[in-house]
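To keep things clear, I will list the structure first and then write my remarks on it.
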Amino acid sequence: MKKKVAFVCVHNSCRSQMAEAWAKQLGSEVLEVYSAGTEKYHEVKQGAVQVMEEVGINMSKHYPKLLTDIPKEIDILITMGCNVVCPFVPCKYLEDWGLEDPSGGPIEDFRNTRDIIKEKVEDLIEKVKKGEYK
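Numbering (the UniProt record's numbering), first residue to last: 1 to 134.
Structure (structure tokens):
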């Protein structure tokens, strides 16, 4: 049975979107993937779309979602390191990845964040496969 995982940050416009895209690309056999934000935002950051396109992942149709747009119960909730307290989302496991937001910085910051997220998603998938999240 797939684990429901949600990646959450403030605007759901960059880091959580990249994490959602990586998890869908790499872990679709074990994960049911969502992402959301705690505040409304108008679009996914173009830097995030661009750097994911560089690795062959198309996020051009992605759009920011709110917590109300994802299932009420999640197995694994991953916060991106937003320096805010997220509203309560029922989950079995909660992790904070503590990632800096590359928004407003050079494209290289987006690339570095993309690569860190990929490693973290790969680690998450391996843990799920090993049964570390019951």
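We put the beta carbon where it would ideally sit given N, CA and C, even for glycine.
All values reported here derive from a predicted model rather than from experimental measurement.
Bounding residues of the beta strand (DSSP E) (the contiguous stretch that carries residue i)
i: K92; result: C91 to D96
Residue i, buried or exposed, once every other Cβ within 10 Å from all chains shown has been counted against 16
i: F110; result: buried
i: P64; result: buried
i: E20; result: buried
i: G77; result: The sequence shown places Leu at residue 77, rather than the Gly named in the question. By the neighbour-count rule (16 or more Cβ atoms within 10 Å), L77 is buried.
i: L99; result: buried
i: N58; result: exposed
i: H62; result: buried
i: T68; result: exposed
i: K129; result: exposed
i: V55; result: exposed
i: K45; result: buried
i: S60; result: exposed
Endpoints, the alpha helix (DSSP H) within which residue i is located
i: T113; result: I107 to K129
i: E54; result: Q46 to E54
Heavy atom of the ligand ADP within 8 Å of residue i beta-carbon
i: E100; result: With respect to the ligand ADP, the structure offers nothing, as it holds no ligand at all.
Strand pairing of residue i, partner residues [DSSP]
i: Y34; result: A6
i: L77; result: A6 and L94
i: L66; result: G37
Best match in the options for proximity to residue i [C-alpha to C-alpha]
i: L124; options: E32, K72 and V10; result: E32
i: K2; options: N12, K24 and C9; result: K24
i: W22; options: T68, S35 and K40; result: S35
i: V10; options: V89, V128, Y133 and T79; result: T79
i: M18; options: K40, V30 and Q50; result: Q50
i: residue 135; options: V8, E29 and V30; result: The shown model of the chain, from 1 to 134, leaves out residue 135, and the question about it has no answer.
i: S28; options: I116, K4 and Y93; result: K4
i: S13; options: D115, E43 and P71; result: E43
>> Report the start-end ranges of each alpha helix (DSSP H) in the region 5 to 32 that is 4 residues or longer and not cut off at the edges.
In response: Runs of the alpha helix (DSSP H) inside the region 5 to 32: 15 to 27.
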